[in-house]
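Numbering (UniProt numbering), first residue to last: 1 to 294.
To start, the structure under review is shown below, and the notes come after it.
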């Protein structure tokens, strides 16, 4: 009987302790929950404050980096560009403000705003009329037809023969010499052809007409004449030869030349000596050949 109250007391104590412990645990859990809530509130407040400042810092940093990148890009472009400088560049002169005389206007404007302009003249029509006027100029009259000795117009055959009488404008219309003048001209031509015999220090190519006589003369040729020069005062110049020293032909001029005469005499004597040497003791041989053999 004495053991029952002690056990009951123990149970009560244990229950009391249990209740106390339970209440203590509940109190501690409540305290921890309140502390966690307060921590969460403080963290959320601190996160909001840090995030706003951090964003501002990031924005400012982005602006600085963008400005630095732009300046770097400008520097790179300036380094890559090639700048050419021209020295003493002459700029064209500026046009004058006054245009000068202007052509007449081809449009007459109306007095009011609503009135249309009146066409006074047409530039295209004037240009066409100008060109047609130039084309419609009077042609010069045709030259009169050439007549022959009988007074009749020349035929095609006669015109063709007249064209053959000259070498044409490219050769200054050099004429064909007349048949009556051919013997005299042949002597002149022969003297000019034998110029290599008159001057031993010059070499001339052989002429194809050599040895053909009058038939070897060219079709178109003429003998030139030295024209006398005049002095500034209108008289004859001292450089001109006087009339008594002028010769009529080339042969006469060559004969009067002392050097040419001396050389011609020397060549003549050489030829005579050669011919004389060939003719010595030839008469007897000829006579012996003429005699009969019996």
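Note that the Cβ used here is the ideal one computed from N, Cα and C, for glycine as well.
Go through its chain and collect everything with a Cβ distance to residue i's Cβ below 7 Å, but skip five positions before and after it.
{"i": "residue 256", "result": "247"}
{"i": "residue 24", "result": "Below a pLDDT of 50, predicted positions are generally treated as unreliable, and residue 24, at 40, falls in that range; the measurement from the model is reported next regardless. Closer than 7 Å at the Cβ level, and outside the excluded window around residue 24, lies no residue."}
{"i": "residue 281", "result": "none"}
{"i": "residue 92", "result": "none"}
{"i": "residue 70", "result": "none"}
{"i": "residue 29", "result": "In this prediction, residue 29 scores a pLDDT of 44, lower than 50, which makes its location untrustworthy; the coordinate-derived value is nonetheless stated afterwards. Nothing meets the Cβ criterion."}
{"i": "residue 254", "result": "191, 198 and 260"}
Please go through the same chain and pick out, in chain order, the residues whose beta-carbon is closer than 8 Å to the beta-carbon of residue i, but skip the five residues on each side of it.
{"i": "residue 193", "result": "207, 209 and 210"}
{"i": "residue 38", "result": "Residue confidence is low: residue 38 scores 49 on pLDDT, short of 50, so the model does not pin down where it sits. Its coordinate-derived value is still stated next. Counting only Cβ-Cβ distances below 8 Å, and skipping sequence neighbours, we find nothing."}
{"i": "residue 237", "result": "228, 229, 230 and 231"}
{"i": "residue 147", "result": "153 and 154"}
{"i": "residue 75", "result": "none"}
{"i": "residue 252", "result": "none"}
{"i": "residue 218", "result": "209"}
Is the CB-CB distance between residue i and residue j below 7 Å?
{"i": "residue 117", "j": "residue 109", "result": "yes"}
{"i": "residue 182", "j": "residue 226", "result": "no"}
{"i": "residue 244", "j": "residue 228", "result": "no"}
{"i": "residue 250", "j": "residue 167", "result": "no"}
{"i": "residue 106", "j": "residue 120", "result": "yes"}
Report back the beta-carbon spacing between residue i and residue j to the nearest angstrom; my notes put them in contact at under 8 Å.
{"i": "residue 153", "j": "residue 145", "result": "5 Å"}
Counting only beta-carbon separations shorter than 7 Å, does residue i have a partner in chain D?
{"i": "residue 53", "result": "The question asks about chain D, but that chain is absent: this structure has only one protein chain."}
Within 6 Å: the Cβ of residue i and any heavy atom of the ligand ADP?
{"i": "residue 142", "result": "With respect to small molecules bound, the structure shown includes none, and the ligand ADP cannot be examined in it."}
If you compare alpha carbons, which of the options is closest to residue i?
{"i": "residue 122", "options": "113, 115, 103 and 111", "result": "103"}
{"i": "residue 198", "options": "220, 170 and 266", "result": "266"}
{"i": "residue 196", "options": "220, 260 and 149", "result": "260"}
{"i": "residue 222", "options": "54, 263, 233 and 171", "result": "171"}
Once you ignore the five residues that flank residue i on each side, which residues in its own chain have a CB closer than 6 Å to its CB?
{"i": "residue 164", "result": "none"}
{"i": "residue 293", "result": "none"}
{"i": "residue 43", "result": "Annotation note: pLDDT 45 at residue 43 (below 50); position unreliable, no value reported."}
| query | Touch check for the region 203 to 211 and the region 169 to 179: three-plus C-beta pairs under 8 Å? | reply | no
| message | Could you check whether the region 180 to 189 touches the region 150 to 161, counting it as contact only if at least three pairs of C-beta atoms, one from each stretch, sit closer than 8 Å? | response | no
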